[in-house]
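Participant: First residue of the sequence shown: 80, per our numbering; consecutive thereafter.
This structure is in structure tokens; I'll ask about it shortly.
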Amino acid sequence: MLMEHRGRRPVVPASAYVAPSAVLCGAVVLSEGSRVLHGAVLTAENGEVRLGENSVVMENALVRGRADHPAVIGDAVLVGPHAHVNGATVEDEVFIATGAALFPGSVAGAGAELRINSVLHVNSRLAAGTVLPIGWIAVGDPAQLFSPDRHEELWQVQRELDFPGTVYGVPRGTSMREVMARQSEYYGAHVTDREVDRG
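In structure tokens, the structure reads:
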């Protein structure tokens, strides 16, 4: 399904494929030979989504573009099932496995591998060719790799990356009530979306 959002429509070349149950919303631009499979959602909230040549977004993955952090996916990239690419830059030939998550401001360097359920945190840069193991977290620029059991060490690096400011535009310590009131208003912009034809 192709949706117009804030006056912007997806751009889908004839050589690309979008499954009938996938959703492209707003300023989403696909390249030649790209594929978006069943249940995947590519949504340009207020920043672009770009999918490179011969790149594939698999079933039930989410790719979200944000004003300060567009989602830019290079050529020959695999975004695995249930992966989450939110305001991240993914360079060419990156492998993003099932359930991996990339947060706003993050960069996955060319040829990197993010294995099952791994996380590339906000404002972090994973060097080209790096393998992020199953369930591990990459934090910082350049990224340090942490196993999930090293939370205290991880937090020492992570807290300086400003997750609440980067993702929600609020200082740390802002109440969930305020955060969610802002999020409700932000996503309320979808009330005027409308379905458009591919042509």
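Positions of the beta carbon are idealized from the N, C-alpha and C atoms, including for glycine.
Note that the coordinates shown come from a computational prediction; the quantities given were computed from them, not determined experimentally.
Counting only runs that start and end within the region 222–260, where is the beta strand (DSSP E) found for 3 or more residues in a row?
Facilitator: For the region 222–260, whole beta strand (DSSP E) runs of length 3 or above, ordered along the chain, are 223–225.
Participant: Mind listing, in chain order, the continuous beta strand (DSSP E) runs of no fewer than 3 residues lying wholly within the region 144–216?
Facilitator: You should have 150–152, 163–165.
Participant: Could you have a look at His117 and say whether DSSP puts it in helix, strand or coil?
Facilitator: His117: coil per DSSP, three-state reduction.
Participant: In terms of alpha-carbon separation, which member of Ile195, Ser185, Gly214 lies closest to Ala206?
Facilitator: For Ala206, the nearest C-alpha among the options comes from Ser185.
Participant: Within the same chain, show all residues whose beta-carbon is closer than 7 Å to that of Asp220, passing over the 5 residues directly before and after it, in chain order.
Facilitator: These residues qualify, in order along the chain: Asn202, Ser203, Arg204.
Participant: Using a threshold of 8 Å, state whether the C-beta atoms of Tyr247 and Arg238 are closer than that.
Facilitator: No, the Cβ-Cβ distance between Tyr247 and Arg238 is not below 8 Å.
Participant: Would you verify that the beta carbon of Asn165 is, or is not, closer than 8 Å to some beta carbon of chain B?
Facilitator: Protein chains in the displayed structure number just one, and chain B is not present.
Participant: Quick one: any contact between the region 241–256 and the region 223–232, if contact means 3 or more CB pairs under 8 Å?
Facilitator: As far as the Cβ criterion goes, the region 241–256 does not touch the region 223–232, which means the pair count is below three.
Participant: Flag this pair as touching only if the region 188–203 and the region 250–269 have three or more C-beta atom pairs under 8 Å; answer yes or no.
Facilitator: Too few Cβ pairs lie closer than 8 Å, so no.
Participant: Could you check which residue in Leu81, Leu116, Arg114 has the C-alpha nearest to that of Cys104?
Facilitator: When each option's Cα is compared against that of Cys104, the closest is Leu81.
Participant: Rounded to the nearest angstrom, what separates Val164 and Pro250 at their Cα positions?
Facilitator: About 23 Å.
Participant: Which of helix, strand or coil does DSSP assign to Val218?
Facilitator: Three-state DSSP puts Val218 in a strand.
Participant: Out of Phe174, Gly118, Ala189, point me to the one whose CA is closest to Pro212's CA.
Facilitator: Checking every option, the nearest Cα to that of Pro212 belongs to Phe174.
Participant: Output the distance between the C-alpha atoms of Gly86 and Gly144, rounded to the nearest integer angstrom.
Facilitator: Taking the straight line from one Cα to the other gives about 15 Å.
Participant: Pick out whichever of Ala179, Ser254, Arg256 has its Cα sitting closest to the Cα of Trp215.
Facilitator: Nearest option by C-alpha distance: Ala179.
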